[in-house]
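For reference, the structure is listed below as structure tokens.
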Amino acid sequence: MLSSTCTAAAAVVGPARLQRPASATRRSPLATQRSQRQLQRHLARAEGEGSGEQAAQQTVPPPAAQQEQQQRQEEEPIWVRRERERAAQQAARGSGDLPFGVYLLFSSFTAIAAIGSIFEYANQHAIFDVIQPDSPLYTPILGFFALTGLPTAGFLFYKAVQSANKAAEQMDKLDGY
1 MLSSTCTAAA AVVGPARLQR PASATRRSPL ATQRSQRQLQ RHLARAEGEG SGEQAAQQTV
61 PPPAAQQEQQ QRQEEEPIWV RRERERAAQQ AARGSGDLPF GVYLLFSSFT AIAAIGSIFE
121 YANQHAIFDV IQPDSPLYTP ILGFFALTGL PTAGFLFYKA VQSANKAAEQ MDKLDGY
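First residue of the sequence shown: 1, per full-length UniProt numbering; consecutive thereafter.
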């Protein structure tokens with residue numbers, strides 16, 4: 001009895017395993033897309049191999065790539081570039097301009113001194129512990145620093161910006177821009 005039940009169950013289960021459901025016979029959309037892409041690749045290769053002009057056009061790089069290759073080939077040796085940098089530095093030294101960092105430093109010192117002069121006058125403190133507030137030179141000295149300090153600081157800042165722009169242009173010329 002037990003064996004006949006097992007064989008009957010096996011007979012029912014066995015044929016069911018062999019039969020595939022209807023959804024298993026269909027291809028998934030992803031598999032269909034893959035096969036279509038592969039077919040398109042094969043067609044594109046077959047078309048490209050048949051015509052000589054298309055194959056020649058594919059091997060010729062575009063004009064932008066040609067320019068990059070020429071620039072790489074025509075790139076200057078490092079010693080030539082260093083000589084150019086030295087010549088540019090000597091030309092900059094001859095113009096009498098200071099580096100932009102020096103201008104910025106002097107500008108900040110001048111602005112601090114001008115603002116400090118205003119505070120010294122308002123609080124009636126001695127100038128460097130040398131000139132007392134009751135001295136006749138106290139007001140003219142602090143007035144001179146306060147009135148001329150801020151415009152001078154602004155001018156030095158302007159010169160710093162000009163010097164930085166000039167240095168940037170020189171570096172651009174050295175880099176080939």
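Don't be surprised by glycine CBs; every beta carbon is placed ideally from N, CA and C.
Since residue i is in the alpha helix (DSSP H), which residue starts that stretch and which ends it?
i, result
"residue 202", "Lying outside 1 to 177, the shown extent of the chain, residue 202 is not represented and no answer is given."
Please list, in chain order, all residues of the same chain as residue i whose beta carbon is under 7 Å from its beta carbon, the five residues on each side excluded.
i, result
"Ala126", "Gln132, Pro133"
"Ile141", "Ile127, Ile131"
"Ala16", "Reliability of the predicted coordinates at Ala16 is poor, the pLDDT of 49 falling under 50, and no value is obtained from them."
"Leu156", "Tyr103, Phe106, Ser107, Thr110"
Apart from the five residues just before and just after residue i, which ones in its own chain have a Cβ nearer than 6 Å to its Cβ?
i, result
"Ala111", "Ala153"
"Leu104", "Ala160"
"Phe100", "Ala160, Ser163, Ala164"
"Asp97", "Ser163"
"Gln170", "Ala88"
"Leu150", "Ala114"
Residue i bridges to which residues according to DSSP?
i, result
"Ile118", "Paired residue(s): none; Ile118 is not in a bridge."
"Ile127", "Ile131"
If I measure Cβ to Cβ from residue i and keep anything under 8 Å in the same chain, skipping five residues before and after, which residues do I get?
i, result
"Leu174", "Arg81, Arg84, Glu85, Ala88"
"Thr139", "Tyr121"
"Gln124", "Pro133"
Quick one: grab the DSSP three-state call for residue i.
i, result
"residue 226", "The requested residue 226 does not occur in the structure, where the chain is confined to residues 1 to 177."
"Leu105", "helix"
"Pro99", "coil"
"Pro63", "helix"
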